[in-house]
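Following the working numbering, the residues of the sequence shown are numbered contiguously, the last one being 818.
Cβ coordinates follow ideal geometry from the N, Cα and C atoms, glycine included.
These notes concern the structure reproduced below.
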Amino acid sequence: MKHLVYILPVALGLALSACDLDLKPENGLTYANSFDTERELNATTSSIHYFLNKAISDDNAFCAAGLKLDEMSGGDQTRQWNPNTVKTGQDWADLYNAIFEANLLLDNIGRTQGLTEARRAFHQGQAEFALGICYLTLVQRYGDVPLTVDSKTIKAYGCAPQMDVLGQAIAHARRGMDLLPTYDKLTDINGQPITNRQFASKGSCAALLAHLYAWRGSVTELYGLRGDANADYAKAVEYATMLIDGKVGAYALCPSPEQLCEALSTPERPNAEEIFSCAFDATRSNFSSTPNLVAMNYRSWPLDETQNLGDIVSNTTYRLRKSTVDRMYDKGDMRREAYFYNIDEPHEVDGVDYALMHKYRAALYIADQYAPSGKSFRSVNCNYTYWRLADFYLLRAECNAKMGRDAAAIADLNAIRHRAGAEPYPAPGDTEGLRKAVFREREKEFLYETDARYFDIVRNNYVASELQGKFTTLTQQDIRGGALTLPVPDGAYKDSNGRVTNTVIRQKPYWVRYM
């Protein structure tokens with residue numbers, strides 16, 4: 304496994320913002336280089352964030368499979384979960400690159416001279432959080448995965464059981480939470496406040512732990528694994544409560560959906576609801592683009608001023624119809640006006656009335672003398688806001704509903720509905736039960752934002768009813784054999800010439816027949 308057994312050269316630069324860790328990683332940092340000073344150590348911290356920024360956002364497979372959409376340009380075979388298409392999909396290389404850099408830091412930080420206790424805790428905390436979120440992401444996307452020892456052990460790794468990996472991820476997240484302060488007390492190498500929410504804090508570690516426990520409880524039930532699902536749901540509730548009650552940072556819901564959209568559309572300003580994001584530094588180059596590939600793939604006119612309405616079919620990857628929006632949101636729900644551009648006016652193309660994304664309001668352009676408008680679209684101007692406070696109201700509601708604590712679940716569900724101006728639960732449209740109502744609320748709240756819907760579906764075992772194509776015919780044996788995750792990537796056991804280099808790792812049983 305070439306991404307696990309070699310000391311990799313550190314990739315170039317992460318300058319997330321002028322007031323944060325703006326030191327670019329040194330090219331070719333290996334054991335031969337010194338970790339004597341914090342500036343040298345900081346190069347590895349920056350490398351962790353460089354790979355983390357890439358890896359978390361790079362999830363085309365599960366976006367295609369799970370996002371709420373009516374039409375898409377390309378990727379339909381992935382949405383149908385055609386094995387011959389899925390098996391050639393995304394890789395886990397950047398996740399293991401981030402893991403390597405985090406282990407490299409933890410293995411060598413003892414060599415750094417002159418670190419105060421607070422600065423040592425900062426760098427260690429970034430590494431521990433990165434290990435925790437990378438292992439959670441690997442388990443969600445791949446199931447059983449290699450669990451590395453450290454940055455020095457050079458060997459071929461097999462896949463560890465996902466419960467072991469989740470246990471290790473929980474240990475990393477707990478250490479990160481013990482080490483790190485709340486986000487408002489984070490400072491960079493120059494003593495300046497860190498303002499973007501990609502850098503780990505006590506709050507983002509609590510958020511990670513809430514999702515780790517919620518996921519472990521759900522896969523215990525889904526796969527019939529040994530464990531205590533209710534105990535895990537209770538722990539998820541505990542950590543979500545810390546976030547909601549302000550025990551791990553002063554987070555707050557934006558007062559309205561409109562103000563939420565304005566906050567999401569101005570990534571350079573603090574957003575009180577934001578807990579963890581993959582940051583977008585628009586100043587890094589004239590061509591850099593947001594890591595929020597979800598928003599990029601839903602974009603259309605009028606956000607993209609170089610298009611017109613008629614371009615939506617040819618130029619917009621993910622498309623929603625107005626009829627779908629009407630089914631999702633009741634008329635009093637303020638998210639209809641905030642998330643969609645003039646939703647009650649017709650936007651018809653070829654006889655189809657489309658809903659146009661308005662959750663993100665700002666775009667960036669490049670001067671282009673050959674374009675009719677004099678400019679070319681560059682990017683939606685937004686972070687990839689992966690976790691915000693509303694997530695934890697609804698995750699807590701989900702876990703409480705699974706444990707039969709309906710009153711607590713309803714209170715959290717209605718907190719988000721109240722912010723949106725929607726009818727409290729139970730409303731006339733709530734005919735599928737409390738657990739499904741919480742799922743539907745997550746679907747409505749986080750539309751256009753993240754890849755979370757697929758994992759919400761898996762966590763609640765709604766695979767057959769909420770996904771398409773081959774998902775609807777999977778047996779329990781298929782699911783236990785890895786059908787809901789991606790296969791082990793070729794790069795894990797073959798070199799660039801196709802020669803097998805790792806004979807220890809094994810392909811998932813479901814995928815063997817297709818490889």
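Closest to residue i by C-alpha separation, out of the options, would be which residue?
i	options	result
G707	Y668, V540 and L489	V540
G378	K371, N363 and S626	N363
G530	A543, P464, G494 and R477	P464
Y668	E640, I547 and Q610	Q610
L596	E341, T340 and F365	F365
L623	G635, E651, D633 and D607	E651
N574	S591, N589, L556 and D733	L556
E735	E752, K625 and S768	S768
S507	Y728, V803 and D694	D694
L750	A710, N805, Y632 and L770	Y632
Y399	R422, Q427, N411 and F354	F354
Y606	M375, A666 and Q471	For clarity, residue 606 is Leu in the given sequence; the question names Tyr instead. For the residues M375, A666 and Q471, the minimum Cα distance to L606 belongs to A666.
F590	P792, A674 and S679	S679
F425	Q771, I497 and E577	I497
D781	P386, T381, M375 and M599	P386
I412	E374, K662, R382 and S337	S337
L434	A459, L512 and Q383	L512
A517	K538, A509 and T569	K538
K634	G732, P570, R664 and I713	G732
Y536	G520, I547 and Y542	G520
S376	A346, A710, T569 and S603	S603
E608	D647, D629, S588 and R664	R664
Closer than 8 Å by C-beta to residue i: which residues in its own chain qualify, once you throw out the five before and the five after it? Chain order, please.
i	result
V468	Y438, L441, V442, D447, V448 and L450
L697	D715, L716, I719, V741, E744, R745 and E748
D361	Q393, D397 and L596
D754	D362, F365, C366, G369, L370 and V597
G677	A670 and D671
H306	Note that H306 scores 42 on pLDDT, short of 50, meaning its location in the model is unreliable and no value can be drawn from it.
Within the continuous alpha helix (DSSP H) that includes residue i, where are the two ends?
i	result
D531	Careful: D531 lies outside any alpha helix (DSSP H) and carries neither H nor E.
F758	A755 to N763
T348	E341 to S360
L623	Element bounds for L623: not the alpha helix (DSSP H) but the beta strand (DSSP E), Y621 to R624.
R722	D709 to A723
T806	From DSSP, T806 is part of no alpha helix (DSSP H); its letter is neither H nor E.
E404	A396 to N411
A566	P560 to L567
I782	Q779 to R783
K819	In the structure as shown, the chain begins at 304 and stops at 818. Residue 819 is therefore absent and cannot be evaluated.
Y642	R638 to Y642
Skipping 5 residues on each side, what residues in its chain have a beta carbon closer than 7 Å to that of residue i?
i	result
A335	Low per-residue confidence applies at A335: pLDDT is 45, beneath 50, and the placement is therefore not dependable, though the value from the model is reported in the following sentence. Result list for A335: empty, nothing under 7 Å.
K390	P790, W814, Y817 and M818
D410	D453, S454 and K455
K505	M480, L483, P484, T485, V551 and G552
I760	G369, V766, E769 and L770
Could you give the residue range of the beta strand (DSSP E) that holds residue i?
i	result
D656	V655 to A658
I578	E577 to C581
A666	A666 to A670
R681	K678 to V683
T688	Y687 to R691
Looking only at its own chain, which residues have a Cβ that is under 6 Å from the Cβ of residue i, when we skip the five neighbours before and after it?
i	result
G461	V807 and I808
Y445	T788 and L789
T593	F583, S682, V683 and C685
Y526	R783
G801	none
D798	T804
N763	F742
L324	Reliability of the predicted coordinates at L324 is poor, the pLDDT of 31 falling under 50, and the value obtained from them is presented with this limitation in mind. Closer than 6 Å at the Cβ level, and outside the excluded window around L324, lie S349 and D491.
L692	Y554, L556 and E576
Please look up how many angstroms separate the CB atoms of residue i and residue j, rounded, as I've assumed it's under 8 Å.
i	j	result
A532	E524	5 Å
R699	T544	7 Å
Y757	G369	3 Å
S559	M660	The pair is not a contact, with the Cβ atoms about 18 Å apart (cut-off 8 Å).
E577	T688	5 Å
Y621	L372	5 Å
(message) Does the segment 579 to 590 come into contact with the segment 487 to 501, if we say contact requires no fewer than three beta-carbon pairs (one atom in each stretch) closer than 8 Å?
(response) yes
(message) Assess contact between the segment 470 to 478 and the segment 545 to 564, defined as three or more Cβ pairs (one per stretch) separated by less than 8 Å. Is contact present?
(response) no
(message) With a threshold of 8 Å, are at least 3 pairs of Cβ atoms found where one atom belongs to the segment 481 to 488 and the other to the segment 720 to 728?
(response) no
(message) With a threshold of 8 Å, are at least 3 pairs of Cβ atoms found where one atom belongs to the segment 809 to 816 and the other to the segment 773 to 792?
(response) yes
(request) Please determine if the segment 613 to 631 and the segment 650 to 667 are in contact, where contact requires at least 3 C-beta pairs separated by less than 8 Å. (result) yes
(request) State whether the segment 641 to 648 contacts the segment 561 to 576, with contact taken as three or more CB pairs (one from each stretch) at a distance under 8 Å. (result) yes
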